[in-house]
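**Student:**
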Amino acid sequence: MPQLPGAGRRSRFTALGLTAALGLLAALAYNYSRPPSSLLPAQTVQGPPPSPAQPLPWRGSAQSALGLEGAGLLAATPNAHPQPIASVAKVMTALVVLQLKPLAAGEVGPLLQIGDQEVREYAAAKANGESVVAVKQGEQLTERQALEGLLLPSGNNLAVLLARWVAGSPEAFQANMNSTAAALGLRESKFADVSGLDPGTVSTPSDLVKLGLAAMKNPAFADVVAQPQADLPVAGTVYNVNYAIGQDGITGIKTGTTPQAGAVYLFSGTTELEGHNLVVVGVVQGQSALPDALTAGRNVLKAAKAAITIQTVVSQDQVIGHYHVPWQGDVDVVAKQEMRLPLLSGSPVRYRLKGSRLTGAAPAGSDAGSLEVTVADAPGLVAVRQQVPLATAGDVTEPSPYWRLTRTS
Numbered sequence: 004m005p006q007l008p009g010a011g012r013r014s015r016f017t018a019l020g021l022t023a024a025l026g027l028l029a030a031l032a033y034n035y036s037r038p039p040s041s042l043l044p045a046q047t048v049q050g051p052p053p054s055p056a057q058p059l060p061w062r063g064s065a066q067s068a069l070g071l072e073g074a075g076l077l078a079a080t081p082n083a084h085p086q087p088i089a090s091v092a093k094v095m096t097a098l099v100v101l102q103l104k105p106l107a108a109g110e111v112g113p114l115l116q117i118g119d120q121e122v123r124e125y126a127a128a129k130a131n132g133e134s135v136v137a138v139k140q141g142e143q144l145t146e147r148q149a150l151e152g153l154l155l156p157s158g159n160n161l162a163v164l165l166a167r168w169v170a171g172s173p174e175a176f177q178a179n180m181n182s183t184a185a186a187l188g189l190r191e192s193k194f195a196d197v198s199g200l201d202p203g204t205v206s207t208p209s210d211l212v213k214l215g216l217a218a219m220k221n222p223a224f225a226d227v228v229a230q231p232q233a234d235l236p237v238a239g240t241v242y243n244v245n246y247a248i249g250q251d252g253i254t255g256i257k258t259g260t261t262p263q264a265g266a267v268y269l270f271s272g273t274t275e276l277e278g279h280n281l282v283v284v285g286v287v288q289g290q291s292a293l294p295d296a297l298t299a300g301r302n303v304l305k306a307a308k309a310a311i312t313i314q315t316v317v318s319q320d321q322v323i324g325h326y327h328v329p330w331q332g333d334v335d336v337v338a339k340q341e342m343r344l345p346l347l348s349g350s351p352v353r354y355r356l357k358g359s360r361l362t363g364a365a366p367a368g369s370d371a372g373s374l375e376v377t378v379a380d381a382p383g384l385v386a387v388r389q390q391v392p393l394a395t396a397g398d399v400t401e402p403s404p405y406w407r408l409t410r411t412s
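Sequential numbering from 4 applies to the sequence shown in my numbering.
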């Protein structure tokens, strides 16, 4: 039968149409079957502006640092390096004694006997021009009195007495000092003797502040270093070399002076923050004379008490960023909790969103990653990084069938 005119062309068009329709259906089916791409949140805020700075009065070329109870190190002069610390080493001596032979505040503890060896050591140290506390054979000192003689008039001979009493020998005790330093994270400190007379006993301001904060947590230690004077059986009334006690809020801790170290002053005070009295510890290292070091310490403490505040660096439910959900719109990412930190004025605060991937529907409150908060990352300050958990502020819904069929990505 002859083919009607145009029938072939209609057949070809029908086939082409059918092929196109099948291709479209295949594309729609493929689109529908593909899972949505995973989503990462975008950060939309950078951190709050810093408060006006109140610079700390660091002294000339001296190495210095400052820390706060519960917060740790807050500020330090740049480019510090280990230097001799003289009698400030006795802070570690006393701390190790109190760790191994604990005393409660107000307790006097067991008796230490002064024998012929201790009398000879006293005479030799005195002849050498060292800082000593007078003793005589047959004298008995309580542990508390020995610590007072160590920390107030800074008796080198009592450092040796306590070391031998606790560990059997100064050398064995010295090993305890260095292991305690390692446990406290004092990475740039080395204790070559028990009194600090050896110039090989070195540290940095940052390490000394950490040591001071640790020592001031011990009530017996804090009680002793707050005393302006003490009465000992043979030496009589001995006075605290840290004669700044009670001035401008100074409450401790220890001075040290040798030709190699210069004058070193590790000091403490308190500051009231939101109804809580917190210990502030600072240090000046490498001053030319003790009066200069004491003056510098008082000035730094006064400035620090004015400059340290508790600041809200992240608020609960604060919007940090959002997920852009193609089938829905933007879904905010918020902080799950508040972060409040003690900061020195002028400390910068920076945010970095470390988001979690979403691969489908998620209810409000789902994990959205964390916010890395960096504070005080600036010259002369000590940077701190902490994490705040994040969550979605609203539901992320399943994509609609229409979107899944017609999406282009």
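Here a beta-carbon is modelled for each residue, glycine too, at the ideal position from N, C-alpha and C.
By Cβ distance, which residues of its chain are closer than 8 Å to ASP295, with the 5 residues on each side in sequence left out?
**Tutor:** Closer than 8 Å at Cβ, skipping near neighbours: ARG62, ALA266.
**Student:** Who pairs with LYS257 in a beta bridge, going by DSSP?
**Tutor:** Paired residues: LEU269.
**Student:** Exposed or buried, MET4, counting other C-beta atoms within 10 Å across all chains shown (16 or more means buried)?
**Tutor:** Low confidence applies to MET4: its pLDDT is 49, below 50, so where it sits in the model is not reliable enough to give any reading.
**Student:** By a C-beta neighbour count over all protein chains shown, 10 Å radius and 16 as the cutoff for buried, is PRO392 buried or exposed?
**Tutor:** Under this definition PRO392 is an exposed residue.
**Student:** Write down the C-beta distance between THR395 and SER373 rounded to the nearest angstrom, noting that I regard them as a contact closer than 8 Å.
**Tutor:** Incorrect: roughly 13 Å between the Cβ atoms, too far for contact.
**Student:** Note the first and the last residue of the continuous alpha helix (DSSP H) segment covering GLY152.
**Tutor:** Counting along the chain, the alpha helix (DSSP H) containing GLY152 begins and ends at 146-154.
**Student:** Would you identify the three-state DSSP class for GLY285, choosing helix, strand or coil?
**Tutor:** If DSSP states are grouped into helix, strand and coil, GLY285 belongs with the strands.
**Student:** Take the Cβ of SER41 as the centre, count every other Cβ of all protein chains shown within 10 Å, and call the residue buried at 16 or more, exposed below.
**Tutor:** So SER41 ends up on the exposed side.
**Student:** Under a Cβ-count criterion, where at least 16 other Cβ atoms within 10 Å of its own Cβ denotes burial, should SER157 be classed as buried or exposed?
**Tutor:** Under this definition SER157 is a buried residue.
**Student:** What span of residues does the alpha helix (DSSP H) with ALA92 cover, start to end?
**Tutor:** Taken as a continuous stretch (DSSP letters only), ALA92 belongs to no alpha helix (DSSP H), as it is neither H nor E.
**Student:** Considering only the alpha carbon of each residue, which of GLY50, GLU72, LEU43 lies closest to HIS279?
**Tutor:** Among GLY50, GLU72, LEU43, the Cα nearest to that of HIS279 is on GLU72.
**Student:** So, is LYS213 buried or exposed, given that buried needs 16 or more other C-beta atoms within 10 angstroms?
**Tutor:** Buried: at least 16 other Cβ atoms inside 10 Å.
**Student:** How about the stretch 320-333 and the stretch 283-302: do they share at least three Cβ pairs that are nearer than 8 Å?
**Tutor:** Segments in contact, no.
**Student:** Going by Cα to Cα distance, which pick from GLU341, MET342, HIS327 is closest to ASP335?
**Tutor:** The shortest C-alpha separation from ASP335 is found at HIS327.
**Student:** Going by DSSP in three states, THR274 sits in which element: helix, strand or coil?
**Tutor:** THR274: strand per DSSP, three-state reduction.
**Student:** Could you tell me which whole beta strand (DSSP E) segments of length 3 or greater appear in the stretch 132-202?
**Tutor:** DSSP runs (the beta strand (DSSP E)) wholly in the stretch 132-202: 143-145.
**Student:** Tell me the DSSP secondary structure of PRO55 in three-state form.
**Tutor:** If DSSP states are grouped into helix, strand and coil, PRO55 belongs with coil.
**Student:** Express the C-alpha separation of HIS325 and VAL317 in angstroms, rounding to a whole number.
**Tutor:** Distance between the alpha carbons of VAL317 and HIS325 is about 16 Å.
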